[in-house]
Structure formats: structure tokens, C-alpha cells
Amino acid sequence: MKKILKDYSLVLLCLMLFVSCKKAEITAVSSPNGINNITFLNDENSDEITFLVKYGEQVVIQSSILKLLSNEIDFSGDLSILKTEISSENNEWQSNFAELSRITDHYNQIKIFLKLGEAQVNIIGRAYNEGVAFAYEIPEQQNIEEIGLAENIHYNFKEDYNVWATPKRGPGVLTAQGEYKKLPLSKLEKGCERPLVMEIHDSLKIALAEAKLVDYARLSFDKGTSSKYSILSSLDGKMGKQEQDTISGAIISKRVEVGAKVHKKLPFQSPWRVVMMAKNEGELLENNYLIQNLNDPSAIADESWIKPGKVLRETTLTTQGAYAAIDFVAEHNMQYIMFDAGWYGDEMKNSSDATTVTLDPKRSKGPLDMEAVTAYGKEKGIGLILYINRRALEKQIEEVLPLLKKWGVAGIKYGFVRVGDQDATAWMHEAVKKTAQYEMIIDVHDEYRPTGFSRTYPNFLTQEGIRGDEESVPNAHTLISMFTRTLAGASDNTVCYYNSRVSKMGSHASQLAKTVCIFSPLQFLYWYDKAPLAPVKEDVLWGDTKTIGNEPELEFFDNVPTTWDETKVLEAEIGKIGVIARRKGNDWYIGGINGETARNVVLDFSFLDENQSYRAKVYTDDETIETRTHVKIEAIEVSNKSKLNLNVKSNNGFAMRITKL
């Protein structure tokens, strides 16, 4: 047996090789801390690719099956192990665009070279302290150049555990932006999004996820039939001509449900199938860098042009409105303005032309001088982001990118992107690469959910794929998204502040808290509001537009960063409470969002430096404050020995900025 050893030591690797009469060896790999373990080919009586996952001594995922189906290669027959290779990595990488500035990448790996009948397939298993992951390779074989492939994974469980699931997929249904529900895994419905969070017991939560999806079909989950309590993951089939609801963007057209879901030239490796594991939902969130660790390092040599920041949407689509917006964001430590739909015509018509400034008359009467706006922004140090629907991008991207660069545009927000099948996935990620060549940042909207590609192309700063403020979600649902959707990565929640929907969702202090609690290197603030000197827009296409005021708590928005050096979850319960502390440089920020039940929150400041005094500004909801937002501001002194009791009412929240004295 050949072994490739890297940084190998018997203690660190914790790799176990067992003997089986039938297959000669059964293989397993454990995490560096010895807690997480994945065992392959655990069923000695089976000629299928089986696996089993343990957390400590507990079997979390019982004997489960990976099935590969292809017309070109028969992945059946007697199973035998040709060889195994074992290795270990213990690295650290740095990021200016994440929830941590220094990220540990430490894992043990096993690669098993298998023969199934006449077919060859390699299984790669990794065990991290944050969870386990596996992928498969299809090597060159039998003089075959390309194959079509379908993949089914049957995850088997001991009990009918509760899961946090998105809606059943179907024509006209938004799943990635859908409403989560807690239900037994036996009630799971087709098309459930990833990550899929499961509550194993009070001291163990897991999430089934996907990483490094670049040129493959997306996986999703459904109730399985391989055991009493099982989950089936499968790949999305090819979609016909895409039809969309013109308001929500929901897909109306159908997908092909049978046959090959991906077509790949040999050799190739699949995306990673991931099982995140932690004591609780807060630890899952703290460890969500696992998804990025399973992606390639940055492909951009000089990242200095990639600038995170805060964005104001300019809704009048006029030169005058843009100047007013630029002046406002320059005065309030924001970095970008954005023109949304309508600047190049009706975004929902294939005839719209993103190489022209052709205003949609329903949205603006103009005038809009794009190059004058970018020039004025450059004087003020403010960038312009342009929204472009995928209809225009798919047919014009080669012409659009150099033109936008000429105009001085800083970034693009892709809208209504196609998702799911291999063609859609490949096109979108190629578009991100092309945009990097023109040094432009990216925000992808609607149904796309991340799988860590922002590590490889960090200009890909954020994406939607979340039921955010546009949907008027109550705090309780935001508290679900915080510990489910955000495990996958950055989430553009489009924070509202003065719009009337805030009272339906929660409170103004909880809106402040969202900028800390929901990570996004691009934070869109005041989503439905306009700069004070901007023209009045009365077409109600953006809802009840309000003018941004001068309430004193807006200093929190002015100061809060959008990327972080350190992140700590202080309190977490899905759907009920979330308190997160994040550090940038020497300053800490805390966001707290409460659900439907009033509670006393005890803040423990032991994460602060020892022997150091701090000044904390605390922002809470208080109806006695005579402003239209009713936010109270208090300044207190704290240290790492301090504790603070906050009585937080139903659907309220709080925010805090902590600076050294």
C-alpha cells in the first residue's frame, strides 16, 4: 500500500486502518482534535460506496450510500480497494473580506482508489475540527473522454430528527429566499436548500452542505426511502427555456428530472459534500469558514482594488439624485451608491440593452448622465454599482464589462441569475471570473446561494439567497436565517430603516443589530430610503420611500464595519435569540436580535482584553425617546470582568459599539 505523507505524525492524523475479510481494508479518518470521524466502506457485506459519520463516540449519520449513475461507465460490480493515500494539512490564510481575518485550515485526509466492477472511482475524505467532507474523482479510464452523470446520496439516521427546511420546490416557488420551517426529517419535501441544519440533540447540531460548486449541478435534499429515517440528496436537472415571474423572479419553467445531470470530461472531481458538526448553532456559525476552506485559494494576485463597504441605493435614477446620494454617503462613511433596475430599460424584456443608458419610463424620467455620476463619485471617493438582470448579461457580458470599466463603474449586481443546473452554475462563476479581469466587485441576487467561491474570487463579495428585509420578515425568521442560511456565507439582507415595514419586522434597534448579526462585506443600508437632498420619487415602485433623517443612532451605521477580524456568538437559539460580537481592529461591535418572547439578556464581556477599560455605546429600543425611531443611547464603561443585564422586549433588539479608553 502506497502512502503519500505530508506533515505526518501518528498522533495528528488519527487515521485508522482496519482489516476486512472481503475488501482487505476499511478506512476512516478523524479530525485533528479526534472528535469528528468519517468511515468509508463500513459495510463489509456491500459492494456499494458506503460511509458513516461520528461525533465523538456517537454515530451521527448511520451507514449511508453514495450512488453514481452513468450510461458511459457502469459503477456497479465487485468493489475492491486498489490503494489508499493519507495526508494532513495545517495552514492559516488571511482575508480582508471575511468574518475572520486569519482562518485556520487544518484537516486530515484519506484518498481511497476504488474499483467497482470495471469502473474506477476515487473517494476523498477530509476530517476537520469543524466537520467532515467528501468528494469523488472519476479518473481517465476505458478510453472514455466524457461522461454524463447523476448522483444520489442516501443519508440514514437513527431517529426522526428535526430539520430547518425551506419550501417544497416547484414552479413559481422561491426556495433559497423562502420561509424556513422546523419539521421532522420524515416530512422533508423535494428541493430543500443547503445548508440543511439538523438538531441531533441539545448538545449537537449538524448541517448538510455543499462546497466548491463551480461547474456542476446544484444538490438539494428530499425525504429518502433507504431507511425509516433518511434524506436523499440529488442533483438538479437541466432546465428548459427559463421563464420567470416578473416580480418575484421565481422560476416557472420545468427541469428534466431523469437521466444525467452533469456532463464532464475525464478526469474530474465533484464538489464537496459537507457535514458541519458542533455543540450548538452558535458554534456552527463561528465555524462556517469550513465552506471556504474547501475552495481554492485566491486567484487574484493583487486584491487591493477589492473594497468592501456600505451601499445606498439611489432610486430616482437621475444625475441630481446620484449627486445627492454621493454627498450623503461621503458624509456618512459609506463607500458606494447603486442604481437598481431601470437604468437600461425594462429589465424583464429581452430587448433591454445594458450597453446604453435608456431609462425605463416607469421608474425614472431622467436625466441620467452615467459618466458624470462616476466622475463625481471618484472626486468624493465613492464607487458606483450597477444592477443588471441576467437577461442582458447573458447576451451582452463581453460588451458590457469593458464599457462599464470605461464609464468608471466599480461593481455589478447580477439580478435574477439562473441557478441549479450545470449550465447555469458554470455561466455564473465564469461571469465572476470575467468581472475580476475588469477589477469590478460582484453582488449576486435572487436564488443563488454560496458554496465558498468568494475565497477563490474575493471580488465576489456577497449574494442574496436569503429571505431578507424586502420580504418584511419578522425577527423570528431573521433568527432562523442567521443560523441556517448564513452558514453558507455572506448574505445581502438589504437592511431597511425608515420604511414602515420595520414595525412589522421588529424594531429600529434590531435593524441596527442586523449589520453585525448578518455578515455581508457589502451592507446595503436604508434600502427603501432616499438621501435628504434627492428628488422626490412618487411612483411607489420602491414602497413608501422616506427621507433619511438625522437621528443620533445613525452614528452606529456610520461606524460599523462590514468585514471583521474576529467573530464570537454570545447567545444563540434558532428562531428565538441571537447575540453576536465582532471585532475590527481594536473596536468591538455587538448585535442582538430577539424573537417573540421578551427576555433578560446577560452580556458577558470576558472576550475583551484583560486590564483594559472600554467605553461602550449601547443602542436600545425605548418608546419614551422622542424621535421617529425611538432608539435610546447610553454610554457606559466596561472591562473583561463586566456583565450587563438588558431587558429586551418581544421583537426588539440592541446594538453596541465598544472602544478602548
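If you count by mature numbering (1 follows the signal peptide of the UniProt record, and there is no 0), then the sequence shown holds residues -24 to -1, 1 to 637, one letter each, in order.
Heads up, the beta-carbon is just placed ideally off N, CA and C, and yes, glycines get one too.
Using the Cα positions of T573 and L455, report the straight-line distance between them to the nearest angstrom. 13 Å
Any idea if G554 is buried or exposed, counting beta-carbon neighbours within 10 angstroms, 16 or more meaning buried? Residue environment: G554 is assigned as buried (16 or more neighbouring CB atoms within 10 Å of its CB, all protein chains considered).
CB contact flag (Y104, Y83, <8 Å): yes
Given a cut-off of 8 Å on the beta-carbon distance, is the pair A507 and A306 in contact? no
Identify whether E290 lies in helix, strand or coil by the three-state DSSP scheme. strand
For L208, three-class secondary structure by DSSP: strand
Can you give me the start and stop residues for the beta strand (DSSP E) that D597 sits inside? 590 to 597
Closest by CA to K237, which one among S274, D191, Y265? Restricting attention to S274, D191, Y265, the CA atom closest to the CA of K237 is found in D191.
Please go through the segment 436 to 497 and give each complete beta strand (DSSP E) segment of 3 or more residues, from N-terminal end onward. 436 to 439
With a threshold of 16 other CB atoms inside 10 Å of the CB of W281, please say whether the residue is buried or exposed. exposed
State the start and end residues of the unbroken beta strand (DSSP E) segment that holds N128. 122 to 132
Straight-line Cα distance separating G285 from E279: 15 Å
Cutoff 6 Å; reference K625; Cβ partners in own chain excluding five residues on either side: A574
Straight-line gap, L242 to Q118 (C-alpha atoms, nearest Å): 11 Å
L517 versus K144: straight-line alpha-carbon distance, rounded: A straight line joining the alpha-carbon of L517 with that of K144 spans about 29 Å.
Span separating the alpha-carbon of V577 from that of Q311: 34 Å
Less than 8 Å between the CB atoms is what I'm expecting for V173 and T460, so what's the real figure, rounded? 5 Å
For V395 and F429, what's the separation of their Cα atoms in angstroms? The C-alpha of F429 is placed about 15 Å away from the C-alpha of V395.
Spatially closest choice to R231 from N570, G146, P160, by CA coordinates: G146
Identify whether D378 lies in helix, strand or coil by the three-state DSSP scheme. Position check: residue 378 holds Pro in this sequence, whereas Asp was assumed. Three-state result, P378: helix.
By DSSP, does C(-4) sit in helix, in strand, or in coil? Because C(-4) sits at a pLDDT of 35, beneath the cut-off of 50, its placement in the model cannot be relied upon, and the point is left open.
Please look up how many angstroms separate the CB atoms of A464 and T427, rounded, as I've assumed it's under 8 Å. 7 Å
Mind checking which residues open and close the alpha helix (DSSP H) that includes N269? Its alpha helix (DSSP H) spans residues 266 to 269.
W383 (DSSP reduced to helix, strand or coil): In the structure shown, W383 sits in a helix (DSSP, three-state: H, G or I).
For chain C, is any of its Cβ atoms less than 8 Å away from the one on E423? Any reference to chain C falls outside this structure, which holds one protein chain only.
Reduced DSSP secondary structure (H/G/I, E/B, other) of V395: The three-state secondary structure of V395, taken from DSSP, is coil.
Own chain residues within Cβ distance below 8 Å of K381, not counting five before or after: Y414, E415, M416
Have a look at E406 and A111 and give me their C-alpha separation to the nearest angstrom. Going from the Cα of E406 to the Cα of A111 covers about 22 Å.
For the alpha helix (DSSP H) that contains E262, what are its first and last residues? 257 to 262
Can you tell me where the beta strand (DSSP E) holding V251 begins and where it ends? 248 to 254
From the DSSP output, in three-state form, read off R366 for me. helix
For the candidate residues F51, L28, Q34, E48, whose alpha-carbon lies nearest to that of S40? When each option's Cα is compared against that of S40, the closest is L28.
May I ask you to verify whether the segment 252 to 272 touches the segment 310 to 324, counting CB pairs closer than 8 Å and requiring at least 3? no
Cutoff 6 Å; reference L546; Cβ partners in own chain excluding five residues on either side: V555, A557
With a Cβ-Cβ cutoff of 8 Å, do R170 and A193 count as a contact? Cβ distance not < 8 Å, so R170 and A193 don't count as in contact.
With a threshold of 6 Å on Cβ separation, who are the neighbours of G297 within its own chain once the five nearest residues in sequence on each side are excluded? E290, A510, P511
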